[in-house]
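Chains as they are written, first to last, in my numbering: chain A, 1 to 390; chain Y, 1001 to 1493.
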């Protein structure tokens, strides 16, 4: 036995996984853009991007979640994917269940039926493993499958028609309303949106970036900078400079990061010797969702550069030299959900202002109060008084 | 893969590295060679295909909520009844016999199975109800006041159970998903699945603290890689003297000498690898290179002089004592911020068969403040969001006393049928409790959780479908969760 056996198996299963939806889609006469290798993804991109636009308006006008989709799912899927102990952890009967997904991940990608497990599984040939509903159960008709496909293509909205949220014009590009549940789709959008007085959260680009330049990846690895795909087979990257933090200056970071700006989703520059110049570069990373600038040389100028960033959701600026003026820049980040500002130089007044003006922003200032004892047990006396049990 | 097949693949691999190196105008020195070959994991993200096409960027099955784990194993099994599982009614059943309807003839260890009676020993420690994100959680504030103060960050699972009734199989089960030795440990699976995110440090690090109570053996195979490539095994950092033995250059050997030696040995090993086709030779090359880089990274890691006074004080009075739980908690935070994937802490000495009150006081005094400080410190640095912190023993302890029961002293035997563990951070729902036990903390009455369920859930948070993270051995695909494990959705944030 060599570890090669294991490797080969991994390769084989990856291949199987990648081609699975493609086969399904081909059999169903559809193009697909899921889990492909880099080259095939490019080929499939064009049709995947154009088709929803063509089908969307008509579909959106026709399909209602409450009126059509939910009753259909309840009838054909509900006995296994109901609310009590749903199979594969997937409940299809509530918006939360739908957005939360199941064991195999997200059940649908708003606007992209081809990339949606729900649609893929329905379209698989009856004898194919994974076809849903199972072969011995009543099946959906072609028309019913099309209904679900159209609903996903129209954005998979859970609200009733006529409400602004179900607007056909925007439906294809926005994640579903209940998406805030934080499911694991690749296209998680900001969750807050226009629900309060806070700035309108505009969507960052939700599309998959092209594959990163292999030379750029090799350069990063050669410099001992960690880079990995967020999800197997996809192009978005997590980059971590931890191994070389103390040696990394602006010039190094900029040289290594510049070629992969479109791909970066999560970046840790914690403890690096980098500052505002790197932050200015990152303002141009459209898919950057989590940025760790802990214990770096940044100043207010870095946050000024990042103000208005449409995708940035989590920001760590603990142990930096900011001033209270940075609050304005943080308030100008429309997608921001969590910010860590411990020892960042922000005064308690500044934290208070931040919390007041953005009540839904989670501000971690290292000042969270301890959990208090709400009730204390009376003095303990031991006895054998209680009536004995058998 | 057939060795010959792999050999040919290797040749293309080497050709690729040469091409890639030229194309970015850098040279692939032996150091780079080591680091490039170092990563052989489930994702195969370094084994680039033929030149021309982009490297295959693998990754988890879905976007991870957590990027690393700090697992604090309480070796010996802490008493759930005296710390977490509040049973005030038992205070009126002191020295009553454990009812047969509760015991149900379940198996006992041979340490107490011969006892003539099983007298109920209520906890003598005072509990309080602490605020959390539900209606509060009762904890022995007398023993663990600091941990209680972070009740709003923690998920307590009161309904854990295990198959094992003795320490060795119990720890082996928690660490490897199987009671018999030989399988890869949890940390090794994570290393195999995710790979390193800091090429200068091991992916899986083990830190051990000696306890104040009865201590059981702690075998190195608890952090062994089993049948996974040996680079995925845990690296134990010693608390006294050099953290890693033989890392320093011997007297009279300069850094340049070391480098030249490594280059020569690396070259010889490379020839050996080509001839013998044994993948473990490559592991050896990688380990030598890792050790070379660790000559720089480990001293920097273990030197606390850049920590401020406030932080040191937060971890409590023992933080400056190497090997203390406090020092290891601080070290765990430093490892976490340096991108180490799996940090395993062991606290020994929870096996309180007799004199439980005295022993548990000393144990809690050693762990309480540091573990709470670790959570708070991770949180304020923005690290708790993507770090799972797990605190668990290998089983629980009996409600009946082992040996003599008095109003201020008792012992407790092993109890696998129910116990409490807690977890925080990394996508776990904060400030909740999950599962319930009966009035005697003897049987689970609500939401039982198996060890495999826990593993499946933690792997999920790390981005893996536990059924798909496999390694083929002797014709069978092995998993950490063996043939079971279900996701505990209610504890996910």
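Positions of the beta carbon are idealized from the N, C-alpha and C atoms, including for glycine.
Asked	Found
Within its chain, find whatever has a CB closer than 7 Å to the CB of residue 1467 of chain Y; leave out the 5 residues flanking it on each side and keep chain order.	1479
For residue 1070 of chain Y, which option in Y:1234, Y:1306, Y:1320 has the closest C-alpha, if you only look at C-alpha atoms?	Y:1234
Please determine, among Y:1124, Y:1434, Y:1413, Y:1287, the residue with the shortest C-alpha to C-alpha distance to residue 1353 of chain Y.	Y:1413
Chain A partners of residue 1096 of chain Y, CB-CB under 9 Å?	384, 386, 388, 389
Should residue 1475 of chain Y be labelled buried (16 or more other beta-carbon atoms within 10 Å of its own) or exposed?	exposed
Determine, for residue 264 of chain A, whether the minimum Cβ-Cβ distance to residues of chain Y falls below 8 Å.	no
My output table needs one value for residue 376 of chain A: the three-state DSSP class, helix, strand or coil.	strand
In whole angstroms, give me the CA-to-CA distance for residue 1085 of chain Y and residue 1138 of chain Y.	8 Å
Quick one: grab the DSSP three-state call for residue 1169 of chain Y.	helix
Less than 8 Å between CB atoms is the rule here; does residue 376 of chain A satisfy it with respect to chain Y?	yes
May I ask you to report which of helix, strand or coil DSSP gives residue 326 of chain A?	helix
Among Y:1482, Y:1098, Y:1471, Y:1356, which one has its Cα closest to the Cα of residue 1082 of chain Y?	Y:1356
Leaving aside the five residues before and after residue 306 of chain A along the sequence, list all residues of the same chain whose C-beta is less than 8 Å from its C-beta, in chain order.	279, 282, 283, 291, 312, 315, 329, 333
Specify the secondary structure class of residue 338 of chain A as computed by DSSP and reduced to three states.	strand
Just the C-alpha distance for residue 1252 of chain Y and residue 1111 of chain Y, rounded to the nearest angstrom, thanks.	55 Å
Counting contacts by CB-CB distance shorter than 8 Å, is residue 1434 of chain Y in contact with chain A?	no
Taking 8 Å as the cut-off, does the region 1127-1146 of chain Y touch the region 375-386 of chain A (at least 3 CB pairs, one atom from each stretch)?	yes
Chain Y beta carbons: is any one of them nearer than 8 Å to that of residue 310 of chain A?	no
On the criterion of 16 or more Cβ atoms from any shown chain inside 10 Å, does residue 83 of chain A qualify as buried, or is it exposed?	exposed
Going along chain A, which residues have a C-beta under 8 Å from residue 1412 of chain Y?	Per Cβ cutoff of 8 Å: no residues; residue 1412 of chain Y is ~16 Å from chain A at best.
Between Y:1229, Y:1438, Y:1391, which has its C-alpha nearest residue 1099 of chain Y's C-alpha?	Y:1438
Thinking residue 255 of chain A and residue 271 of chain A are a contact (beta carbons under 8 Å), I'd like their distance in whole angstroms, please.	Actually they are not in contact, since the Cβ atoms of residue 255 of chain A and residue 271 of chain A sit about 19 Å apart, beyond 8 Å.
Apart from the five residues on each side of it in sequence, which residues of its chain come closer than 7 Å, Cβ to Cβ, to residue 1278 of chain Y?	none
Check the DSSP bridge columns for residue 390 of chain A and list the partner residues they point to.	Partner(s): none; residue 390 of chain A has no beta bridge.
Apply the 10 Å Cβ neighbour rule to residue 1296 of chain Y and answer buried if 16 or more other Cβ atoms are within range, or exposed otherwise.	exposed
Rounded to whole angstroms, what's the CA-CA distance from residue 1322 of chain Y to residue 1241 of chain Y? Just pull it up for me.	9 Å
Taking 8 Å as the CB-CB cut-off, is residue 1018 of chain Y touching chain A?	Note that residue 1018 of chain Y scores 44 on pLDDT, short of 50, meaning its location in the model is unreliable and no value can be drawn from it.
For residue 1291 of chain Y, which of Y:1442, Y:1318, Y:1481, Y:1259 has the nearest alpha-carbon?	Y:1259
With residue 1424 of chain Y as the anchor, note down where its beta strand (DSSP E) starts and where it stops.	1419-1425
Spatial neighbours of residue 1247 of chain Y within its chain, please: CB distance less than 7 Å, with the 5 preceding and 5 following residues excluded, ordered by chain position.	1291, 1294, 1295, 1298
When the Cα of residue 964 of chain Y is compared with those of Y:1493, Y:1471, Y:1483, Y:1452, which residue comes out closest?	Nothing can be reported for residue 964 of chain Y: it is not among the residues displayed for chain Y, which extend from 1001 to 1493.
Mind pulling the chain A residues with CB within less than 9 Å of residue 1164 of chain Y?	Those do not exist, as residue 1164 of chain Y stays about 27 Å from chain A at its closest Cβ, beyond 9 Å.
Over what stretch of residues does the alpha helix (DSSP H) that includes residue 1455 of chain Y continue unbroken?	1451-1461
For residue 1097 of chain Y, which residues does DSSP report across the bridge?	Y:1119
Excluding the 5 residues preceding and the 5 following residue 121 of chain A in the sequence, name in chain order all residues of the same chain whose CB lies nearer than 7 Å to its CB.	130, 131, 132
Do you know how far the Cα of residue 1397 of chain Y is from the Cα of residue 394 of chain A?	Missing from the structure shown is residue 394 of chain A; chain A here goes from 1 to 390 and no further.
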